[in-house]
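Sequence lines, in order, name chains A and B.
So for the first sequence, my numbering puts the first residue at 1; every next one is plus one.
So for the second sequence, my numbering puts the first residue at 1001; every next one is plus one.
Protein chains: 2
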Amino acid sequence: MTNKVPYKIYLNEDEMPTRWLNIKGFMKEKPDPLINPSTGKPCTADELKAVFCDELVAQELNATDKYIDIPQPILDFYKLYRPSPLVRAYGLEKALDTPAEIYYKFEGNNTSGSHKLNSAAAQIYYAKAQGLKSVTTETGAGQWGTALSMAGAFFDMPVKVYMVKVSYEQKPFRRNVMNVYGADVVASPSTTTEAGRRILAEHPDTVGSLGCAISEAVEVAASDPTHSTRYVLGSVLDQVLLHQSVIGLETKAALDKIGRKPDIIVGCAGGGSNLGGLIAPFMAEKLEGKANPEIIAVEPASCPSLTRGTYRYDFCDTGKICPQAKMYTLGCDFIPSANHAGGLRYHGMSPILSKLYHDKMMTAKSYVQSDVFEAAVKFARIEGTLPAPESSHAIKGAIDAALECKKKGEKKVIVFGLTGTGYFDMKAYDEYLSGRMTDYIPNDKEIGVE
Amino acid sequence: MTNKVPYKIYLNEDEMPTRWLNIKGFMKEKPDPLINPSTGKPCTADELKAVFCDELVAQELNATDKYIDIPQPILDFYKLYRPSPLVRAYGLEKALDTPAEIYYKFEGNNTSGSHKLNSAAAQIYYAKAQGLKSVTTETGAGQWGTALSMAGAFFDMPVKVYMVKVSYEQKPFRRNVMNVYGADVVASPSTTTEAGRRILAEHPDTVGSLGCAISEAVEVAASDPTHSTRYVLGSVLDQVLLHQSVIGLETKAALDKIGRKPDIIVGCAGGGSNLGGLIAPFMAEKLEGKANPEIIAVEPASCPSLTRGTYRYDFCDTGKICPQAKMYTLGCDFIPSANHAGGLRYHGMSPILSKLYHDKMMTAKSYVQSDVFEAAVKFARIEGTLPAPESSHAIKGAIDAALECKKKGEKKVIVFGLTGTGYFDMKAYDEYLSGRMTDYIPNDKEIGVE
């Protein structure tokens, strides 16, 4: 280390990115297209426009533009909570006694508590610009629903959130936060949709599932007789990775300011929204042959899409009403073990990241959750911030990379994504601290490997 | 407005304050001293050292130094979560259609969720530097206990928190956060102290009180046979205002950067820690006759120490074991209405602020909580951040000041303190949104006015 790097690197407002980066624009071989299961052919723009708003469909299908301008109202919204800090983890480096430099991009400094707001703002803005009257979505733990509610309040767009019933009941505070932002939050399954009524008739005592909540939210959007409602989704889709590229672009600008280039980039991966955003400009350089950072996706051993899934076409949702995507998947019927805490529970993976992983542009590893929580508690005590369980997968990955550097005496620059805070995940922390947390690794049959 | 002010003004690391500001050093007439109730005379340093650690006693009694250097380890800790942003509330200005400029200093971007960490870090550091083995404290809603736990983890100092039983049971997540940082959290009253056992024997079903928790925490510190335990307190004391001056010093430095001087400064006031810190450098200028900003303390109508209390010697605690302070008080037996949400429930007020208020260097006003929550929800929807109920008193005060500017066509600069976030106060938000919140204003008899 030549010059002294500050603990936190903030960009000035005029240094903030004004364009998103479209990874697909840099890929020579593009990801395979979404398939309409009823036609067996690639989804057309018109088919997608029945569910998603027009501009977002255009972004979803845009595989050529390298950059897309961020509209000014979205930039203005970003300024409410961005730039997020790039933090030098001096304490962690010292505790690990590693020669590596460790940096993390912290996306938790906003009320939604995560990076989800970056795409929520964009999706709500485009819906408003199109003159739509409302949007629907589903939420599990509640981060995405909260982010969407915040953006809805800002752009004055009504938001209806189908919240998995078990979360609705166990996390009333999350629901209340969405209410503060004016969102209509419905426990799913509900009697407000045909899908919900059918499921309730068959399973009156069900606690709900993400798959069911998606079905309800999509039904409400698709069946609006005035066709002025659309469905929005917080991860997996190409458009979401596009919006989340603001994370990586800020990270790169901040590293440039201090004259650093990342050797290793680590991010947690559920649907891929955070990881895809964090790595965007670095992957672009890698695809162009200008740099060659090691990029590591970290996922839970209980839901190991990349590390143990297969690369094939599969439904994006459990209810099998959404398009099929070519991706690493555990099978759309896969339900992660109930004892798994936090997010990253998605059976598949962003098609863009799946393709890049398949092309060996990045690697992946998985950890059991007790190891992840051990890293989370260590991080909280040293660096101050209480991390979300999802983000803590990246912490664990970064710690292991830093220890590897120590073993080899390598002075590498490690960057990881700290996607959010864990204030609403205290039950899981309590389980860990009291020794009641157990780990689960699915067997081959459960993940569809014969 | 001549030049365009960014949404958020961050100081660079080398612009952060390296000294605290001691308001007492600027006051010609000093606040009256703490009185030892058993001698009837001013508390001596030795008497205070039985409960507080040595350096903090020195700071408590220091009425002459204008500035006190911040030790490097505390500066390093501050860098983990400071500087906090000074935010230009463009959205709020527009929504209010006011010619005023509104700024807020946001102290909630850390895991404790409030400004309390500024003093917790200092108090834990001095305890560690003195070679003490542990510290004790009480906590109600849990912000102070969380802050102290975080600092304890960082400086490797064991922390024991007596948490009011009703909060311990109703807010298990707060308790769990403290556990993550390694604190020992005990529901008060407990069987671990004589005071606790006595109260439990008399009132086996009690839900506890702050007064009782203080008694337990002080007893543990004072009765340690090795004399290596001390008690720490998160508000009211002069030393706490000293540490919190970092808020105001950063605010002033940020305003200087954009060429602004505050005309009106608004802060919420419970024990006075946040307000005293926010106004520190501005009050110093006012005391020196260099500037004359209007300074407004905002308190709840249900606990109106400044606006309706009397200025006299009173006990600092309900249990009457602590020294007596000359302050605005509702009487140490005053218990705020149970329907009052959030903090600011203290019967008294910082002796420094009480003296300044008595000397007409600042004004005060009170609001009922439904008006405060109305302002909170408005703020959340426009500015994004979900405010703590305490902080929302300042929001309401700032909004009213901005509307007054609108009426008079005045282009004033308003600065208020946004002390924290409301993630752990969703029950109160829910009551407000569902119309179940009621307001309470104590009658004269309840506040000891005959």
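All C-beta atoms, glycine included, are put in the ideal place defined by N, C-alpha and C.
For clarity, every value in this text was computed on a predicted model and none was experimentally measured.
7 Å Cβ shell around residue i - same chain, five flanking residues per side excluded
i                 : result
Leu241 (chain A)  : Ile23, Gly272, Ser273, Gly276, Gly277, Ser350, Ile352
Asp1371 (chain B) : Lys1396
Leu11 (chain A)   : Pro83, Glu250, Ala253, Ala254
Ala1398 (chain B) : Ile1102, Val1266, Ile1414, Phe1416
Ile279 (chain A)  : Gly248, Ile265, Gly267, Ile295
Phe1155 (chain B) : Ile1124, Tyr1125, Lys1128
Asp444 (chain A)  : none
According to DSSP, residues forming a beta bridge with residue i
i                 : result
Gly417 (chain A)  : A:Lys105
Pro1099 (chain B) : BP columns for Pro1099 (chain B) are empty, so no partner.
Glu1404 (chain B) : Partner(s): none; Glu1404 (chain B) has no beta bridge.
Asp1314 (chain B) : B:Ala1325
Arg230 (chain A)  : A:Val135
Tyr367 (chain A)  : A:Pro300
Asn207 (chain A)  : Looking at the sequence provided, one finds Val at residue 207 (chain A) rather than Asn. Val207 (chain A) pairs with nothing; no bridge assigned.
Ser1114 (chain B) : B:Gly1420
Glu294 (chain A)  : A:Ile264
Asn36 (chain A)   : A:Lys41
Pro387 (chain A)  : A:Thr421
Ile395 (chain A)  : DSSP, once it has assigned bridges, lists no residue as partnering Ile395 (chain A).
Lys1008 (chain B) : B:Val1087
Cβ-based neighbour list, residue i, same chain, cut-off 6 Å, excluding 5 preceding and 5 following
i                 : result
Glu431 (chain A)  : Met437
Val413 (chain A)  : Glu101, Arg260, Pro262, Asp263
Ala269 (chain A)  : Leu275, Ala297, Glu299
Lys49 (chain A)   : Val57
Gly196 (chain A)  : Pro189, Ser190, Glu216
Ala151 (chain A)  : Ala120, Ala121, Ile124
Thr2 (chain A)    : Because Thr2 (chain A) carries a pLDDT of 45, less than 50, the predicted location of this residue cannot be relied on, and the following value inherits that uncertainty. Closer than 6 Å at Cβ, skipping near neighbours: no residue.
Glu1337 (chain B) : It should be noted that the sequence gives Ser, not Glu, for residue 1337 (chain B). Ser1302, Tyr1440, listed in sequence order.
First through last residue of the beta strand (DSSP E) which encompasses residue i
i                 : result
Ser1188 (chain B) : 1184-1188
Ser1134 (chain B) : 1134-1139
Cys1268 (chain B) : 1264-1268
Tyr971 (chain B)  : What the structure shows of chain B is the stretch from 1001 to 1450, and residue 971 (chain B) is not part of that stretch, so it cannot be assessed.
Ile279 (chain A)  : Segment 273-287 is the alpha helix (DSSP H) holding Ile279 (chain A); no beta strand (DSSP E) there.
Leu1086 (chain B) : 1086-1088
Asp1439 (chain B) : Per DSSP, Asp1439 (chain B) belongs to no beta strand (DSSP E) and is neither H nor E.
Asp69 (chain A)   : 67-69
Beta-carbon proximity list for residue i, same chain, < 8 Å, skipping 5 on both sides
i                 : result
Asp359 (chain A)  : Glu29
Ala402 (chain A)  : Leu92, Glu93, Leu96, Thr98, Ala100, Ile102, Ile414
Gly409 (chain A)  : Pro99
Ile1451 (chain B) : A query on residue 1451 (chain B) cannot be resolved here, the shown segment of chain B reaching from 1001 to 1450 and no further.
Where the alpha helix (DSSP H) containing residue i begins and where it ends
i                 : result
Ala469 (chain A)  : Outside the displayed span of chain A (1 to 450) sits residue 469 (chain A), for which this structure offers no information.
Leu1021 (chain B) : Premise fails: Leu1021 (chain B) lies in the beta strand (DSSP E), 1019-1021, not in any alpha helix (DSSP H).
Ala63 (chain A)   : No alpha helix (DSSP H) holds Ala63 (chain A); DSSP gives it neither H nor E.
Leu1080 (chain B) : 1072-1081
Arg174 (chain A)  : 172-180
Leu237 (chain A)  : Where Leu237 (chain A) is concerned, there is no enclosing alpha helix (DSSP H), given that its DSSP letter is neither H nor E.
Thr307 (chain A)  : 305-308
Ala1428 (chain B) : 1426-1433
Ile197 (chain A)  : Checking the sequence shown, residue 197 (chain A) turns out to be Arg, not Ile. Residues 194-202.
Thr146 (chain A)  : 143-155
Check: Quick one, which residues of the stretch 1364-1398 of chain B are near chain A if we go by CB-CB under 9 Å, in chain order?
Finding: The residues in question are Ala1376, Val1377, Ala1380, Arg1381, Ile1382, Glu1383, Gly1384, Thr1385, Leu1386.
Checklist line | Where the stretch 1109-1135 of chain B meets chain A: residues whose CB sits under 7 Å from a CB there | finding: So the close ones are Asn1109, Asn1110, Thr1111.
Next item on the list: May I ask you to list, following chain order, the residues of the stretch 1177-1204 of chain B that have a beta carbon less than 7 Å from some beta carbon of chain A?
Entry: Val1177, Asn1179, Val1180, Tyr1181, Gly1182
Next item on the list: Please determine if the stretch 362-370 of chain A and the stretch 293-304 of chain A are in contact, where contact requires at least 3 C-beta pairs separated by less than 8 Å.
Entry: yes
Check: Pairing CB atoms from the stretch 242-260 of chain A with CB atoms from the stretch 11-18 of chain A, are three or more of them under 8 Å?
Finding: yes
Next item on the list: Below 7 Å between beta carbons is the criterion; list the residues of the stretch 1069-1097 of chain B that meet it against any residue of chain A, in chain order.
Entry: Lys1079, Leu1080, Tyr1081
Next item on the list: Report the residues of the stretch 252-275 of chain A with a CB closer than 7 Å to any CB of chain C, ordered along the chain.
Entry: Absent from the structure is chain C; the protein chains it does hold are A and B.
Checklist line | Contact between the stretch 1158-1169 of chain B and the stretch 1084-1096 of chain B (3+ Cβ pairs under 8 Å) | finding: With the cut-off at 8 Å, the stretch 1158-1169 of chain B and the stretch 1084-1096 of chain B do not touch.
Check: Taking contact to mean at least 3 C-beta pairs separated by less than 8 Å, is the stretch 417-430 of chain A in contact with the stretch 1171-1180 of chain B?
Finding: Result yes; three or more Cβ-Cβ pairs closer than 8 Å.
Notebook entry, point to check: Counting Cβ pairs closer than 8 Å, one from the stretch 111-121 of chain A and one from the stretch 145-160 of chain A, do we hit at least three?
Noted result: yes
Item checked: Residues of the stretch 1008-1031 of chain B with Cβ closer than 9 Å to any Cβ of chain A, in chain order -> Lys1008, Tyr1010, Asn1012, Glu1013, Asp1014
Check: Does the stretch 1197-1209 of chain B come close enough to the stretch 1223-1230 of chain B to have 3 or more Cβ pairs within less than 8 Å?
Finding: no
Check: Which of the residues in the stretch 1048-1062 of chain B, read from start to end, lie with their CB under 8 Å from any CB of chain A?
Finding: none
Next item on the list: Report the residues of the stretch 144-156 of chain A with a CB closer than 8 Å to any CB of chain B, ordered along the chain.
Entry: Those residues of the stretch 144-156 of chain A that come within reach of chain B (Cβ to Cβ, closer than 8 Å) are Met150, Ala153, Phe154.
Next item on the list: Scan the stretch 162-176 of chain A for residues whose Cβ lies nearer than 9 Å to a Cβ of chain B and list them as they occur along the chain.
Entry: Pro172, Phe173, Arg174, Arg175, Asn176
Item checked: Near-chain B residues of the stretch 424-450 of chain A - C-beta to any C-beta below 7 Å -> Contact residues of the stretch 424-450 of chain A toward chain B are Met426, Tyr429, Asp430, Leu433 (C-beta to C-beta distance below 7 Å).
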